[in-house]
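S.K.: This is the structure I have questions about; it appears just below.
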Amino acid sequence: MNGLKKIVIILIITNTVSFANLSKEQLLEYYNIAWGIKIFKQIEEERYNNLFIELNIDRNITNLKKIEKMKEFAYCKDASNAFLKEIRKITNEEYSDIISFYQSDIGKKVVQAYLKYTNSKIGTIYQKEKEFSKKKYLLIESISKELNIVELKVQYEVRRIMVQKFYETQQDYSDKYLQEYASKLRIQIKEHERQQKIIIFQNFTIPELEIVLEYAKTKAAKREMKTFFHGMGKAYSKQVLLCSFFLENFIQMPNHE
4 MNGLKKIVII LIITNTVSFA NLSKEQLLEY YNIAWGIKIF KQIEEERYNN
54 LFIELNIDRN ITNLKKIEKM KEFAYCKDAS NAFLKEIRKI TNEEYSDIIS
104 FYQSDIGKKV VQAYLKYTNS KIGTIYQKEK EFSKKKYLLI ESISKELNIV
154 ELKVQYEVRR IMVQKFYETQ QDYSDKYLQE YASKLRIQIK EHERQQKIII
204 FQNFTIPELE IVLEYAKTKA AKREMKTFFH GMGKAYSKQV LLCSFFLENF
254 IQMPNHE
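Per this note's numbering, the sequence shown starts with residue 4, numbered consecutively.
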């Protein structure tokens, strides 16, 4: 059993009462078959690894207390719990539809495509786009629109900047500033989403994309995407407001004892 799965299992078992709407078996099934929690755990892994670079910490560190504090920050339990609690809002009916899709061959292909995607691949977008027929491009665009991904990403980014501002100054941005920020951000995210989806779905055929689009039109698919971004937003809030003090605890600690 890998480390990420162990973390998920511990969180689920220790919070069984909190997640009464879905059983721990369902949550584990979701982790094993869908992409949402896997992506969240990848982000935590990246956060931990980036600490060494951003804070110029020796990767051969031997101070176990410092390593422990770094992990407490990167794998903030309050943030993980906030993310998992959003999954609780998925109904059993929606959950059944989600799992059924991911058990299909197309669903499995979607998961693998999401997990393999990295921002570094955006540089290849223009060459890939030339290979696409108009119908294929329109299908990909329709999938994003059905799932309302651009707006969900805008909401997430606005929440992030609000939390960061409050954490740094104990003040909020004005409504006017946030509206202007969201408008500018929407344009950038729309283009990035277009490029991202071309990379993710580059190896899908038109019939396969038609199946994905049909799933994207379902209540279950929309709920899953909404749950993911809302969960990410709430997790980020907890990460900054409740776990940032771990930074102060380890930043001055020696790398070796």
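Cβ atoms here follow ideal geometry from the backbone N, Cα and C, with glycine treated the same way.
#1: Have a look at R62 and A85 and give me their C-alpha separation to the nearest angstrom.
#2: Does F169 come out as helix, strand or coil in the three-state DSSP assignment?
#3: Measure from the alpha carbon of L142 to the alpha carbon of each residue in A37, M228, Y218, E57, then state which is nearest.
#4: If F169 and D178 are in contact, beta carbons under 8 Å, what's the gap, nearest whole angstrom?
#5: Buried or exposed: which applies to L25, given that a residue is buried once 16 or more other Cβ atoms fall within 10 Å of its Cβ?
#6: How many whole angstroms separate the CB atoms of I214 and I109, which I take to be in contact at a CB cut-off of 8 Å?
#7: I'd like the list of long-range same chain contacts for I42, defined as Cβ closer than 8 Å, with 5 residues on each side in sequence excluded.
#8: Residues in the same chain with beta-carbon distance under 8 Å from K241, minus the five sequence neighbours each way, listed in chain order, please.
#9: Ignoring anything shorter than 4 residues, give me the alpha helix (DSSP H) runs that lie fully in the stretch 181-229, in order along the chain.
#10: Does K156 pass the burial test, meaning 16 or more other C-beta atoms within 10 Å, or should it be called exposed?
#11: Do the CB positions of F253 and K44 come within less than 8 Å of each other?
#12: Compute the Euclidean distance between the alpha carbons of L30 and R91, then round it to the nearest angstrom.
#13: When the Cα of E260 is compared with those of R50, I70, W38, which residue comes out closest?
#14: What is the DSSP secondary structure of S136, reduced to helix, strand or coil?
#15: For R50, report the span of its alpha helix (DSSP H) as first-last.
#16: Tell me the rounded alpha-carbon separation between N52 and F249.
#17: Could you check the C-alpha separation between I202 and R226 for me, to the nearest Å?
#18: Exposed or buried, what is F104 when buried is set at 16 or more other beta-carbons lying within 10 Å of its beta-carbon?
#19: Alpha carbon to alpha carbon, how far is E57 from P210?
#20: Candidates Q106, K148, Q255: which alpha carbon is nearest I36's?
#21: Which of helix, strand or coil does DSSP assign to Y105?
M.R.: According to the data block:
#1: Within the sequence shown, numbered from 1, the residue matching residue 62 stands at position 59. Within the sequence shown, numbered from 1, the residue matching residue 85 stands at position 82. Looking at the two C-alpha atoms, the distance is approximately 30 Å.
#2: What you label residue 169 is simply residue 166 of the sequence shown in a count that begins at 1. In this structure, F169 counts as helix in the three-state DSSP scheme.
#3: For the purposes of this step, residue 142 is taken as residue 139 along the sequence shown, with counting starting at 1. Residue Y218 is the option with its Cα nearest to L142.
#4: As a position in the sequence shown, residue 169 is number 166, starting the count at 1. As a position in the sequence shown, residue 178 is number 175, starting the count at 1. Not a contact, Cβ separation roughly 14 Å.
#5: Indexing the sequence shown from 1 puts residue 25 at position 22. So L25 counts as buried.
#6: For this step, residue 214 is matched to residue 211 along the sequence shown. For this step, residue 109 is matched to residue 106 along the sequence shown. With 8 Å as the limit, I214 and I109 qualify as a contact, their Cβ atoms being about 5 Å apart.
#7: Residue 42 sits at position 39 when you count from the first residue of the sequence shown. Around I42: Y117, L118, F231.
#8: One-based indexing of the sequence shown puts residue 241 at position 238. Excluding positions up to five away in sequence, the list reads C79, D81, A82, N84, A85.
#9: 209-219
#10: Taking the sequence shown and counting its residues from 1, the one referred to as residue 156 is at position 153. Result: buried.
#11: Against the sequence shown, residue 253 aligns to sequence position 250. Against the sequence shown, residue 44 aligns to sequence position 41. No, Cβ-Cβ distance for F253 and K44 is not below 8 Å.
#12: Walking along the sequence shown from the start, residue 30 turns up at place 27. Walking along the sequence shown from the start, residue 91 turns up at place 88. Distance between the alpha carbons of L30 and R91: 9 Å.
#13: For this step, residue 260 is matched to residue 257 along the sequence shown. Considering only alpha carbons, the answer is I70.
#14: The residue given as residue 136 occupies position 133 in the sequence shown. Three-state DSSP puts S136 in coil, outside helix and strand.
#15: Indexing the sequence shown from 1 puts residue 50 at position 47. Start and end: 39-57.
#16: The count along the sequence shown starts at 1 and reaches residue 52 at position 49. The count along the sequence shown starts at 1 and reaches residue 249 at position 246. About 16 Å.
#17: One-based indexing of the sequence shown puts residue 202 at position 199. One-based indexing of the sequence shown puts residue 226 at position 223. Each residue's alpha carbon lies about 24 Å from the other.
#18: The residue you call residue 104 lines up with position 101 of the sequence shown. Under this definition F104 is a buried residue.
#19: Working through the sequence shown from its first residue, we reach residue 57 at position 54. Working through the sequence shown from its first residue, we reach residue 210 at position 207. Distance between the alpha carbons of E57 and P210: 45 Å.
#20: For the purposes of this step, residue 36 is taken as residue 33 along the sequence shown, with counting starting at 1. Minimum Cα distance to I36 is reached at Q106.
#21: Position 102 of the sequence shown, counted from the start, is the residue given in the question as residue 105. The answer is helix: DSSP assigns Y105 an H, G or I state.
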